[in-house]
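Report on the following structure.
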Amino acid sequence: MNAQNTSYAFGGVLQNDENLATNPLFHLITLHDIPNGIDVTLPKLVLACHISELNEGFDILFYQHDHDGNPKRIGEIQTQLNIIDKPLICQKIHLSQTPSRWQTQDWALSNGRENLNRLGGMPTWIQDAFVPNCPITGEKMSFLMQLDSGLLDVSGNSLLFGSGGICYVFWSNKARVSAFLMQCT
Numbered sequence: 013m014n015a016q017n018t019s020y021a022f023g024g025v026l027q028n029d030e031n032l033a034t035n036p037l038f039h040l041i042t043l044h045d046i047p048n049g050i051d052v053t054l055p056k057l058v059l060a061c062h063i064s065e066l067n068e069g070f071d072i073l074f075y076q077h078d079h080d081g082n083p084k085r086i087g088e089i090q091t092q093l094n095i096i097d098k099p100l101i102c103q104k105i106h107l108s109q110t111p112s113r114w115q116t117q118d119w120a121l122s123n124g125r126e127n128l129n130r131l132g133g134m135p136t137w138i139q140d141a142f143v144p145n146c147p148i149t150g151e152k153m154s155f156l157m158q159l160d161s162g163l164l165d166v167s168g169n170s171l172l173f174g175s176g177g178i179c180y181v182f183w184s185n186k187a188r189v190s191a192f193l194m195q196c197t
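Under the working numbering, the letters of the sequence shown match residues 13 to 197, in that order.
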């Protein structure tokens, strides 16, 4: 599949109820056709995260995906948070192949001039490299995606990960588990 010719749903809220008013499940992207080179065997993958909880500093957030690729949180969802983020603008996006020169980037040298958003490839670490273990298999997970701070939220402001860092997404194909963690300075 050629990802450049496919549009993907990006942003918005996947789940929002009165019990999660301060911590809704933000939709990041739905990969209804998995691009070549991405090690996901599901026909579709919905990536979503409780971003406010991630920004509050609650370690790694894990989600198990059903056979249709829909996420369900593993562990307790926090409802008492100090940070209340707005979801990313709901839109359709296209993916493009990154030239090999940009497949490994240094966050410290990017100076805000480089696109650090990526699906696949190598993570751009802000601090030390850290790959989580799957809570079901105990095995190291594979890097899947990262989003850089600065994407626009529904208020027209930049969504920040921490103080302006990166949200990293990892994947366990065997357990169908996604993991989200954030690094910033």
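For every residue, glycine included, the Cβ atom is placed at its ideal position computed from N, Cα and C.
Our two residues, Thr-110 and Met-134, have alpha carbons roughly 12 Å apart in a direct line.
Asn-185 carries a coil assignment under DSSP once its states are collapsed to helix, strand and coil. Taken through DSSP and simplified to helix, strand or coil, Asn-145 comes out as strand.
Taking the Cα of Asn-17 as reference, the smallest distance to any Cα among Leu-107, Gln-103, Lys-98 is reached at Leu-107. Secondary structure note for Leu-66: it is in no beta strand (DSSP E), and the uninterrupted alpha helix (DSSP H) holding it is 63-68. Within the DSSP bridge table, the entry for Thr-42 names Ala-21, Val-58 as partners. For Ile-89 and Asn-127, the gap between their C-alpha atoms comes out near 31 Å. Between Gly-174 and Asn-48, the beta carbon gap of about 32 Å keeps them out of contact (Cβ cut-off 8 Å). Under the DSSP assignment, Ile-86 falls in the beta strand (DSSP E) whose first and last residues are 83-86. Short of 7 Å from the beta carbon of Leu-172, and not among the five residues preceding or following it, lie these beta carbons of its own chain, in chain order: Ser-161. The beta carbon of Ala-191 lies closer than 6 Å to those of Ile-72, Phe-74, Pro-144, Met-153, Phe-182 in the same chain, with the five residues before and after it left out. In the DSSP annotation of this structure, Ser-175 is not part of any beta strand (DSSP E), being labelled neither H nor E. Taking Leu-26 as the centre and dropping the five residues before and after it, the same chain places the C-beta of Leu-37, His-39, Ala-60 closer than 6 Å to its C-beta, in chain order. Pairing Cys-179 with Leu-156 gives a Cβ-Cβ distance that is not under 9 Å. Exposed is the label assigned to Gln-103, since fewer than 16 other Cβ atoms lie within 10 Å of its Cβ.
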